[in-house]
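Those letters in the sequence shown? Residues 810 to 961, by the numbering used here.
Beta carbons: idealized from backbone N, C-alpha and C, even for Gly.
Bear in mind the structure is a predicted one, so any value in this text is a computation, not a measurement.
Below: the structure, in structure tokens.
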Amino acid sequence: MQKVIKKAIIHGVYIITAQAEGKKNGMTAAWLSQVSFNPSLLMVAIAPSRYTHGLIKSSGYFAINTLSEEQVEIAKHFGYHSGKTMDKFEGIPHFEAGHGSPVLKDALAYIECRLTNAVEAGDHTLFIGEAIEGEVLKPDKKPLLFVWEEFF
Ligand SMILES: Cc1cc2nc3c(=O)[nH]c(=O)nc-3n(C[C@H](O)[C@H](O)[C@H](O)COP(=O)(O)O)c2cc1C
């Protein structure tokens, strides 16, 4: 079934960021969707083993950074290494959104969310958050699409 799902379901590529207890981190995520219009709720599926998982639970906030098509190396940087063992933001230009979630200056767009629900679903947790702040930073860029063969 995974073979079919990999071709049938289309995703973008995002860096999900959070900051708690003075630690900031980000990880690449493709499994993300809007799930409500009013209020504006967004969902990202994150495995409990990710360092970012604990930071989101602690802070109660996370930011979604949308990557553009030339940012494959940024997706690999944040997706192949864990913040447990390194500072992934070293050398990456960024600023903090209103509730502290790091924002990549070169992202196509960002949205900071306040965590409203955390739902266990199989081997991932669905973090649902209300969009509270956001901006399109690079209006002329095209989004990066997730293609399994390009990353794994
Ligand atoms: C293109 C791509 C998409 C990914 N999508 C997800 C995802 O949706 N959910 C998830 O839990 N991990 C996903 N990952 C894996 C995490 O980004 C990876 O395990 C990362 O090292 C976790 O970092 P952290 O431990 O610093 O939080 C993806 C990785 C890549 C390269």
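### Query
Rounded to whole angstroms, how far is the Cβ of L953 from the Cβ of V822, which I believe are closer than 8 Å?
4 Å
### Query
Over what stretch of residues does the beta strand (DSSP E) that includes F936 continue unbroken?
933 to 945
### Query
Can you tell me whether DSSP reads K893 as helix, strand or coil?
coil
### Task
With 8 Å as the threshold, decide whether the Cβ of T925 is near any Cβ in chain D.
This model lacks chain D altogether, as it is built from one protein chain only.
### Query
In the structure shown, what three-state DSSP assignment does I818 receive?
coil
### Query
Is there contact between the segment 840 to 857 and the segment 880 to 898, where contact requires at least three CB pairs shorter than 8 Å?
no
### Query
Would G907 be called buried (16 or more neighbouring beta carbons within 10 Å of its own) or exposed?
exposed
#### Entry: Residue span of the beta strand (DSSP E) that contains S842, given as start and end
841 to 845
### Query
Per DSSP, T837 forms a beta bridge with which residues?
I824
### Task
Compute the Euclidean distance between the alpha carbons of I873 and K812, then round it to the nearest angstrom.
27 Å
### Message
Checking 8 Å against the spacing of the C-beta atoms, do T934 and F871 come in under that value?
### Response
no
### Task
Tell me whether F898 sits in a helix, a strand or coil according to DSSP, three-state version.
coil
### Query
Can you tell me whether DSSP reads V956 as helix, strand or coil?
coil
### Task
Label A916 either buried or exposed according to how many other C-beta atoms from any shown protein chain fall within 10 Å of its C-beta, with 16 as the threshold for buried.
buried
### Message
Below 7 Å, is the gap between the Cβ of F887 and the nearest heavy atom of ligand 1?
### Response
yes
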